[in-house]
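Counting in my numbering, the sequence shown runs from 78 upward without gaps.
Accompanying notes for the structure given below.
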Amino acid sequence: MAVSNHPTPSPTFIPNPTYLFSATVNLGKSLGPIFMVEGGVRLVETITGGAIYGPGFNATIEGGVAAPILVDNGDATRILIPYIYTYGYAGDGSPFYMEETVIGSGVTQNTRLIINVGGKYQGLQTTYVLGQPSVNEDRTIALWNASQTFPSLQAASCRVAEFLA
Numbered sequence: 078m079a080v081s082n083h084p085t086p087s088p089t090f091i092p093n094p095t096y097l098f099s100a101t102v103n104l105g106k107s108l109g110p111i112f113m114v115e116g117g118v119r120l121v122e123t124i125t126g127g128a129i130y131g132p133g134f135n136a137t138i139e140g141g142v143a144a145p146i147l148v149d150n151g152d153a154t155r156i157l158i159p160y161i162y163t164y165g166y167a168g169d170g171s172p173f174y175m176e177e178t179v180i181g182s183g184v185t186q187n188t189r190l191i192i193n194v195g196g197k198y199q200g201l202q203t204t205y206v207l208g209q210p211s212v213n214e215d216r217t218i219a220l221w222n223a224s225q226t227f228p229s230l231q232a233a234s235c236r237v238a239e240f241l242a
């Protein structure tokens, strides 16, 4: 009887996102482009306030900063690497801090939101949250829609481990 050297593939896992919240973020004046020695341009914009609303998280954004790097290689390919940080108070009065990490084209992006918060919303600290941001044409308001894909980082790690096995 022959023995196969090929492992049996794990079943495919497709996350089923659950809507958590939307956010409206008010952007302040831009500092203007900062040309970087390594290539690209950093844009720095203050976040002057905003609101987070939805079934999974409600909060008031007090402030923050958006400092994305834009890399354009001269053709139609543009890469936007955002560095976005916000802070404020959750609906239950707990302070929160949120950072957004992503890489994308600037036209369509899926971002990861890392949320540090206590109180009623403490479970968001261990939740893998995906966001889909958009910015209006005059760059004064940014909108996010956020969904939970994994109930915890531990579950996400397990799924990734299964996928890599």
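The beta-carbon is built from N, C-alpha and C at its ideal position, and this holds for glycine as well.
Sufficient close CB pairs (3 or more, under 8 Å) joining the segment 189-207 to the segment 165-180: yes
Alpha-carbon to alpha-carbon, V102 and L120: Working through the sequence shown from its first residue, we reach residue 120 at position 43. Working through the sequence shown from its first residue, we reach residue 102 at position 25. Looking at the two C-alpha atoms, the distance is approximately 16 Å.
Presumed contact (8 Å Cβ cut-off) between S99 and E122, rounded CB distance: The residue given as residue 99 occupies position 22 in the sequence shown. The residue given as residue 122 occupies position 45 in the sequence shown. In fact, because the Cβ distance is near 20 Å, the residues do not count as touching under 8 Å.
Closest by C-alpha distance to G141, when choosing among Q199, G126 and G133: Working through the sequence shown from its first residue, we reach residue 141 at position 64. The option with the nearest alpha carbon to G141 is G126.
Delimiting residues of the beta strand (DSSP E) encompassing M175: Translated into positions along the sequence shown, residue 175 becomes position 98. That run of the beta strand (DSSP E) goes P172 to T178.
Through-space distance from T204 to F134, alpha-carbon basis: Start at 1 with the first residue of the sequence shown, and residue 134 comes out as number 57. Start at 1 with the first residue of the sequence shown, and residue 204 comes out as number 127. Near 12 Å, if we compare the C-alpha coordinates of T204 and F134.
For T204, the first and last residue of its enclosing beta strand (DSSP E): Stepping through the sequence shown from its first residue, residue 204 is reached at position 127. Looking at the DSSP string, T204 is not in any beta strand (DSSP E), and its letter there is neither H nor E.
Under 8 Å between C-beta atoms of V161 and A136: Translated into the one-based positions of the sequence shown, residue 161 becomes position 84. Translated into the one-based positions of the sequence shown, residue 136 becomes position 59. The displayed chain sequence assigns Ile, not Val, to residue 161. Not closer than 8 Å, so no.
Beta carbon of Y166 nearer than 8 Å to that of P132: Here residue 166 corresponds to residue number 89 of the sequence shown, with the count starting at 1. Here residue 132 corresponds to residue number 55 of the sequence shown, with the count starting at 1. Not a contact, by the Cβ cut-off of 8 Å.
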